[in-house]
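Counting along the sequence shown from 1, when you hit position 316 you're at 299 in this note's numbering, and nothing is skipped either side. All residues carry an ideal CB built from backbone N, CA and C; glycine is no exception. Please read the structure below before turning to the comments.
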Amino acid sequence: MLVPASLLRGLFAAGQGVTISPSGTIAASGTVSVTPGAGLGSAIAGLTTITSLSAQDLVPASHAGLDYAIPYANLINGITIDQAQSAAAVGDTDTLWVAQGGNVMTSQSFSAIWSWIGGKLPTYKTPVVEITANLNLDTTVHNNRLLICSQPVTLTPLATNMGSGFRCVVLNASTGNVTLGSGFVSSTGSLSLLPWQSASILCASYSGGVVVFASMPGASSAPAVPPGQITTLAATGTTTSSITLSWQASATGAAPSSYTIQYRLSGTTTWTSAPPIAATTYQIAGLLAGTGYDITILAVAAGASGPLSAILTVSTAAAVTTALPLVTNLSATPGSSSTVSLAWASSGGTATSFTAQYRVTGTPSWTSLTGITATSTVVPSLLPSTSYDFSVYGINSAGTGALSSIVTASTPAAAQTVSSITWNLAPSGAYARGSGSIGVNAHVSPATSPVQFGFSTSATTPPSTWTPASLVNTDLWGAYLPTPATAGTWYVWAEGLDGSALTVNTTSFAVQ
């Protein structure tokens, strides 16, 4: 539906200098004076308040005479400090942007920051730099430092490297003089710093130029007399890690108040200084075993150092290497049904103790007897009629020696009362004395009761030496006995291990 423009005129109000014709044409006329706050547009106080902006939010901007909108992220990106207005003189109430514990920015006043710095100052310590070689003073390394010279060195001032306002303290902890090189001006006219003296170094630019100034200890009314050279330095003892020295004060020069010892590895150039001492003996510790050292000494009196002594070269004692003990010739002899006696020889390093190991033959686990101080022992609490493996090793300060070779021995059967012994095989005829062995066996009752056999030259006196028998089968027990070494008539005897059923075979045999 079409509506005549004339009917729309009453629906709109034109602004100042703006007209709407009956035909609907809108036109501006003349110069319009605008009074701020006259209600044109929207007042900022009338806008809805927000508490944050996101990157894509738009901010109005006038650019090259035209109105635009720019995203907030682009607005703040690239802002530099040179776009900020210049500030007035700094004051305690000035504030800085700070981030505390995160990326949220807050403000902090200069007065609060200064209070924080003031709280840190009491715990600040001047950094210490040790000087061991000649050098040029440099502000990046030496400014506001305590320079401790552990060697007699020369310090050279380079004003361009130091800069106006440079300052440091030099302490001579060496045994010689520290030299302040060309370019220094000193408070005393001297450019030598004696042992255990210090100097304050300042560099300043002023109307007269640049000066590098050293505030030195005041000179005494008379020059110090140094002690004489020590000529009696001697080594009175050495160990693998120390050298003990003694000397006497020189008969010339001033009486020494202290002595300083220097030492180095023979063949090297770097000296180590011991702390000053008043005594005439000293032990240098912490040295290498079997190593040569060069040693020299000087005396000090009233700040004046005497000349170094002639170099004394001394070697520490060589390290003693303790060999591990070695066990050889291990033997195992059954004693009873529950014991085996072990004996061995020891070589290599001297053992302080031995450990014997044993196990049932064919099993992996060993049992140990420790703290054995002799070269023999008895292994107790064994099982009867059981084969055992044995090995022994020695121990000393160098460690644990190697295991000996393994030997095997069997315990005899446990003693039981025998009621009867019937001979099955007994020796007869003639045998060559001391040659081979003679087999014997007998039926025993009870069948499981072990017996032992022996030879005697009498049919009425039993043997003094017995050989345990082994079960051959069922009730038959037998053994091989060494052929007697003595010629004559012999008899074979048998008995239980407990001495029961003592039996002699009345048939004799001859040994020729």
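Rounded C-alpha distance that separates residue i from residue j
i      : j      : result
Asp75  : Asn126 : 30 Å
Ala452 : Tyr463 : 8 Å
Pro467 : Gly417 : 5 Å
Ser368 : Pro410 : 26 Å
Trp99  : Asp40  : 39 Å
Ser90  : Ile96  : 11 Å
Cys151 : Thr219 : 43 Å
Thr296 : Trp254 : 13 Å
Ile294 : Ile389 : 59 Å
Phe337 : Gly354 : 6 Å
Ala392 : Thr457 : 24 Å
Thr304 : Thr311 : 22 Å
Ser483 : Gly384 : 46 Å
Gly211 : Gly191 : 45 Å
Thr171 : Thr78  : 49 Å
Gly101 : Val73  : 18 Å
Ala493 : Phe438 : 12 Å
Cys132 : Ala142 : 21 Å
Phe93  : Pro110 : 27 Å
Leu291 : Thr252 : 15 Å
Ser229 : Ser380 : 34 Å
Ser403 : Thr344 : 33 Å
Val87  : Asp50  : 32 Å
Candidates the options: closest to residue i by CA position
i      : options                           : result
Ile378 : Ala326, Leu174 and Leu309         : Leu309
His426 : Thr405, Ser224, Val161 and Leu36  : Thr405
Leu58  : Leu49, Ala47, Val42 and Gly48     : Val42
Thr274 : Gly250, Thr143 and Asp458         : Gly250
Gln495 : Val297, Ala396 and Ala415         : Ala415
Trp449 : Leu485, Ala430 and Ile389         : Leu485
Lys108 : Leu129, Ile114 and Ser428         : Leu129
Arg247 : Tyr276, Trp230 and Pro259         : Tyr276
Val455 : Pro465, Gly422 and Ala470         : Gly422
Ser37  : Gly345, Ser45, Ala56 and Asp50    : Ala56
Ala315 : Gln231, Ser370, Thr252 and Ala306 : Ser370
Asn407 : Ile184, Asn160, Met88 and Gly461  : Gly461
Reduced DSSP category for residue i - H, G, I as helix; E, B as strand; rest coil
i      : result
Thr489 : coil
Leu216 : coil
Leu58  : helix
Gly482 : coil
Leu281 : strand
Phe149 : coil
Tyr246 : strand
Thr106 : helix
Ala28  : helix
Ser330 : strand
Ala82  : strand
Ser173 : coil
Val208 : coil
Leu389 : It should be noted that the sequence gives Ile, not Leu, for residue 389. Correct three-state label for Ile389: coil.
Trp99  : helix
Asn127 : coil
Asn117 : coil
Ala409 : coil
Test item: CB-CB of residue i and residue j under 8 Å
i      : j      : result
Ser505 : Leu386 : Nothing about residue 505 can be reported from this structure: the residues present for the chain run from -16 to 495 only.
Leu154 : Leu138 : no
Thr223 : Ala116 : no
Tyr474 : Ser491 : yes
Leu174 : Met145 : no
Ile226 : Ile280 : no
Val318 : Val375 : The sequence given here places Gly at residue 318; Val does not occur at that position. Not a contact, by the Cβ cut-off of 8 Å.
Phe373 : Ala339 : yes
Trp112 : Val124 : Checking the sequence, you will find Val at residue 112 rather than Trp. Yes, the pair counts as a contact, with Cβ atoms nearer than the cut-off.
Asn424 : Leu459 : yes
Ser320 : Ala398 : yes
Ser147 : Ala187 : yes
Leu270 : Val323 : no
Ala261 : Ser241 : yes
Ser256 : Thr158 : yes
Thr221 : Gln231 : no
Arg342 : Ser351 : no
Gly331 : Ala306 : yes
Leu177 : Ser69  : no
Met199 : Ser165 : no
Ala44  : Ile53  : yes
Proximity test, Cβ basis, 8 Å: residue i and chain C
i      : result
Met199 : Considering every chain present, this structure includes no chain C. It has just one protein chain.
Closer than 7 Å: residue i CB and nearest the ligand NAD heavy atom
i     : result
Ile33 : Annotation note on the ligand NAD: not contained in the displayed structure, which lists no ligands.
At least 3 beta-carbon pairs within less than 8 Å: the segment 280 to 292 vs the segment 234 to 247: Under the 8 Å Cβ criterion, the segment 280 to 292 counts as touching the segment 234 to 247, having at least three qualifying pairs.
Segment contact, 8 Å Cβ cut-off, at least three pairs: the segment 190 to 197 with the segment 263 to 280: Contact between the segment 190 to 197 and the segment 263 to 280 is absent, because fewer than three Cβ pairs lie under 8 Å.
contact_flag[the segment 478 to 494, the segment 429 to 440] where n(CB pairs < 8 Å) is 3 or more: With contact defined as three or more Cβ pairs closer than 8 Å, the segment 478 to 494 and the segment 429 to 440 are in contact.
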